[in-house]
Amino acid sequence: MLRTVTWLLDILAAVRSLPDLTRRRQVAAYEVSGPITVYIRAAHSRVTVQRTTEHRVQVECDLRQAFGWQWTTERDDAGIYVVLKRRPVVGSLSYADLTLTVPSDAYLVFHLTPGSVHLQDFEGRLSVAPMGEQAAPHASTSE
344 MLRTVTWLLD ILAAVRSLPD LTRRRQVAAY EVSGPITVYI RAAHSRVTVQ RTTEHRVQVE
404 CDLRQAFGWQ WTTERDDAGI YVVLKRRPVV GSLSYADLTL TVPSDAYLVF HLTPGSVHLQ
464 DFEGRLSVAP MGEQAAPHAS TSE
C-alpha cells in the first residue's frame, strides 16, 4: 500500500512539472549605434514592445510547448530579424510571448500570422498601414 501511495505521489509531481518542461525562455541581444530596423515575423504570438534609452535591442521569447517552435534571430546591415515559426503538426498547440526592448529611434516591422502587439508606456505618434492588398490607397491633396 505504501508503495502505491509513493508511486501516485511521484506521478502527481511529474504531472505538475509538465508545464515547466514544455516551456523554454530564449534571449537574443544586439548592441546598436544608431537607428535600426527590427523585423518580427511570428505565428501565434504576442509581442510586447518596450522602449529604452540604451543603444541595445533585446528579444526575450517565452515559448510554450517549446518543442513545437523554430526560432531564429539574425543581424545584417539592414536590421535585426526575428523569425518564430511553428513546426508542422507538433507546433499546433504552441504559443509564444515575445518581449522586444528597443531604443526610441528603432523602426519596427511586424508580420504576425496571427498575433498581437502591445506597446508599453507609449507616447508619441503611431501610424498603422492598411491591412492586405485590397486596402484602398491613401490620397492627399493640398490646395
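In short: position in the sequence shown from 1, add 343, done, that's this note's numbering.
Backbone N, C-alpha and C define an ideal beta-carbon position, used for all residues, glycine too.
If you're wondering where the values come from, they're calculated on a predicted model, not measured in any experiment.
Using CA atoms only, rank isn't needed, just tell me which of the options is closest to residue i.
i    : options                   : result
Y450 : R367, R394 and T349       : R394
G458 : R389, F465, V432 and V425 : R389
P446 : A472, H398, W350 and R368 : H398
Q369 : L427, S470 and V432       : L427
Are the CB atoms of residue j and residue i within a distance shorter than 7 Å?
i    : j    : result
T380 : T442 : no
G434 : Y382 : no
S437 : G467 : no
T415 : A371 : no
R384 : H461 : no
T456 : A386 : yes
V425 : V400 : no
D448 : P378 : yes
R430 : Y373 : no
DSSP three-state label for residue i, please.
i    : result
D448 : coil
T456 : coil
D464 : coil
S483 : No answer about S483 holds up, because its pLDDT of 45 lies below 50 and its placement is not dependable.
D353 : helix
Could you name each continuous beta strand (DSSP E) segment of 3 residues or more that falls completely within the segment 359-434, going from the start of the chain to the end?
366-374, 380-385, 388-395, 399-407, 412-419 and 422-429
Does the segment 429-444 come into contact with the segment 404-418, if we say contact requires no fewer than three beta-carbon pairs (one atom in each stretch) closer than 8 Å?
yes
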